[in-house]
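Encoded as structure tokens, the structure appears first; notes follow it.
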Amino acid sequence: MLHALLQYAHDRRLAVEPGFKSKKVRWLLIFALDGVFRDVHRLEGDGDDGQLINGAPDLSQPELKGGGAGCRHFLVDNLEVVTLWTKGEADDKLAAKHAYFVDLLEQAANAEPRLGPIAASLKSESILERIHKELTASGSPKPKPTDNATVAILDADMTLHRIVDLDSWRPWWRGFRAKLGDKKKDKRPTKRKPTSDASDESETSLMRCLLSGANVEPVSTHGTIQGLADVGGQSSGDRFASFKQGSFTSYGLQQAANAAMSEDMAATYTAALNDLLLNHAERLAGAKVVYWYTGQVPPELDPVHSVKEPIFRFEDEEEDDEDLEGTPLTEDEANARAESDRPQIEARAGSLLRAIQDADRKDLLGYRYQALTLSANSGRVVVRDWMEGRFEQLAVAVDEWFDDLRIIARDGESFARKPKFLAVLGCLVRDLKDISRPIETALWRSAIGGRSAPIPLQAVAMALDRIRVDIIKDAPPSHARHGLLRAYCIRCKDIVMKPDLDEECSDPAYVSGRILAILGEIQYAANPNVGVGVVQRYYGAASTTPALVLGRLAQLANKAHLPQIKGGLQQWFDQRLTDAWSKLKEAPPHVLSLEEQTLFALGFYHQKAQRGKADKTTTAKED
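For the sequence shown, the numbering used here begins at -13 and goes up steadily by one.
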């Protein structure tokens, strides 16, 4: 996995030199050549936090702590440090940070003389007041103390030069970082000395780098990974390799020597992960998936994105009419969503592989993919899954995922639309944030790993619980929920399960579910105004011990419900019930296992999905 990240960084020529980092900068402070303050300019970028500047100077958190009181970044820092722009009065701690920042500008003036006058201006209270007034008058959105800022020079011919873009200061900066390292030399992590007196002490600090394989002096701490704050991480970043507690260390090694890497290699994989989280990540519920291919894949043919946001429909699908948790949308909401999706949906329908062929992009099938599932906890990056393989295998797996989830719509008129991945997760819980991380990870692996990746039994149990709740509340059934049950039967039980009603299926659990649905329809036909019917009262018991329930409900239907139905409709219902009972070679099962309860739920749903057609039939019978 780490070597794949290293290859990703090299292929994309990411800036991985230690001491440099891409940073978002929101504000540009403009000075004349003589240091006179001229203006404040807002930098616009892709996000709300400013413009991305590559190769900005950067100190790691340990370097900041080891640099002495007030140690701060060079050239790029937040407004609070650069200009003392803060709420209330600046305290001594902030004043020390500002003084350190200005002192770095003065030191760097030996390499870039234009920094000297700027440093002098930033020492002046009157200049800082002018900067504060310009920031106050900058309009909306208002600047925040945490916004990053940098400096620029407006020369005599009115040409603007951002100092951070120049190369003149870079040799000085490399030397400054090296001096910081010398100050911490005695604290470098080392291996425990060998007992042999013949060993050279200078060699005891060298270790084999996990990435390069070279003998290196391992960096004491690795850089931070940004972009996981919304999945358990910290806004300041999280570490991929962290050994703060003694319980995480081994063989007398200190800090990151337990995962020995050179500074270059640690910076390389950190740059790769940060780039992936910024540009190639899909947010699930409590985790993020970063993924990449060995070639360029157009968004409309991207299998991983297709799992999360399906854009291809089966020809006989219905329009999307559910939210994440399976709750039906209003007509206006459904129409609005369909209209917004229309530009993305191609004229071709069906599988991703067919779409690739129609687009004449068979070259994609030779690519390879890598996918990494990440979250964070207590400042540490959590790797939940790692997958890699051929692009063609991925496309086949995505097609299998949607084929297995395919289910008849609740009205029985068409097939439900391909569910978004979050809809599959959301159908298992009341709130999407309640989904457990192992379930989320296992379902994602099942989605892109093919039929060899099983659907966890715990997810099935959760789906069955939610189905019982829906039936008790008389809520519309969820397409994603029942599609997941069908996928479980196909993948884990090797059962040939149709997406709609299978009248030839004689599995006792499946037929028992059909019988309960028919009994419910009979009661409804006899008494349309019934409140809590037999299905709501007895579904839970019937789905676990059908032998104790279905016989009594059938007697009730024959004695109380069918006699109230007049004409040919009575005979029609009686024939349907008889046909279903005939599929049972003996009495209904006494007890159903969890897997058999899945078949019961599907039989019940498939039978109920015929209700739309049945309503038309019963109306014709009554006429």
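By construction, the Cβ of each residue, glycine as well, lies at the ideal position given by its N, Cα and C atoms.
By the CB criterion at 8 Å, PHE559 and ALA511 fall inside the cutoff. Between LEU14 and GLY5, the alpha-carbon positions lie close to 22 Å from each other.
Taking a C-beta distance under 8 Å as the contact criterion, PRO494 and PRO574 qualify as a contact pair. Taking the Cβ atoms as the reference, TYR525 lies roughly 6 Å from ARG454, within the contact range of under 8 Å. Inter-residue distance for SER221 and SER364 is about 12 Å (C-alpha atoms, whole angstroms).
If you check the CB distance, PHE60 and LEU90 come in under 8 Å. Where TRP387 is concerned, the enclosing alpha helix (DSSP H) starts and stops at 377 to 391. When rounded, the separation of the alpha-carbon atoms in SER361 and LYS83 is 33 Å. Contact annotation: LEU114 and LEU70 have beta-carbon atoms nearer than 8 Å.
Under the three-pair Cβ rule at 8 Å, the stretch 247 to 263 counts as touching the stretch 205 to 222. Inter-segment contact for the stretch 540 to 552 and the stretch 404 to 419 is absent: fewer than three beta-carbon pairs are separated by less than 8 Å.
By the Cβ test, the stretch 524 to 539 is in contact with the stretch 486 to 501, since at least three Cβ pairs between them sit closer than 8 Å.
DSSP places LEU418 outside any alpha helix (DSSP H), giving it a letter other than H or E. Setting aside the 5 residues that flank it on each side, LYS51 has no residue in the same chain whose C-beta is closer than 7 Å to its C-beta.
By the C-beta density criterion, GLN356 is buried, having at least 16 other C-beta atoms within 10 angstroms. Considering only GLU426, VAL367 and VAL150, the residue with the shortest C-alpha distance to ALA227 is VAL367. For a cut-off of 8 Å, the C-beta gap from ARG467 to ARG452 is around 6 Å, short enough to register as a contact. Taken in chain order, the whole alpha helix (DSSP H) runs of length 4 or more contained in the stretch 529 to 599 are 532 to 542, 554 to 568 and 580 to 595. The DSSP assignment places complete alpha helix (DSSP H) segments of no fewer than 4 residues inside the stretch 465 to 520 at 465 to 478 and 494 to 512, in order along the chain.
Under a 10 Å Cβ-count criterion, VAL577 is classified as exposed, with fewer than 16 other Cβ atoms of the shown protein chains found around its own Cβ. Annotated three-state conformation of LEU146 is strand, per DSSP. Inter-segment contact for the stretch 370 to 383 and the stretch 394 to 401 is absent: fewer than three beta-carbon pairs are separated by less than 8 Å. A direct Cα-Cα distance of roughly 8 Å separates GLN379 from LEU351.
A check of alpha carbon separations from ASP35 across TYR(-6), PRO103, ARG100 and PRO129 identifies PRO129 as the nearest.
About 21 Å separates the CB atoms of ASP224 and LEU239; that is not less than 8 Å, and the two are not in contact.
Around the beta carbon of ARG347, fewer than 16 other beta carbons lie within 10 angstroms, which makes this residue exposed. For the stretch 107 to 134, not one full-length beta strand (DSSP E) segment reaches 3 residues or more. For a cut-off of 8 Å, the C-beta gap from VAL11 to VAL62 is around 6 Å, short enough to register as a contact. The residues ARG12, TRP13, ASP35, GLY36, ASN64 and LEU65, in chain order, have a CB closer than 8 Å to that of ASP133 in the same chain once the five nearest residues on each side in sequence are set aside. A Cβ-Cβ separation of about 16 Å leaves ALA85 out of contact with ALA95 under the 8 Å criterion.
Counted as a single uninterrupted DSSP element, the alpha helix (DSSP H) harbouring THR256 occupies residues 249 to 265. Residue state for ALA527 is assigned as helix, using DSSP reduced to three classes. Per DSSP, the beta bridge partners of GLN37 are VAL11. About 13 Å separates the Cβ atoms of TRP430 and VAL217, ruling out a contact at the 8 Å cut-off.
Just so you know, the alpha carbons of ARG116 and ALA135 end up roughly 16 Å apart. Counting only residues of its own chain and dropping the five nearest sequence neighbours on each side, ARG370 has a CB closer than 7 Å to the CB of ALA273, THR359, LEU360, SER361, ARG423 and THR427.
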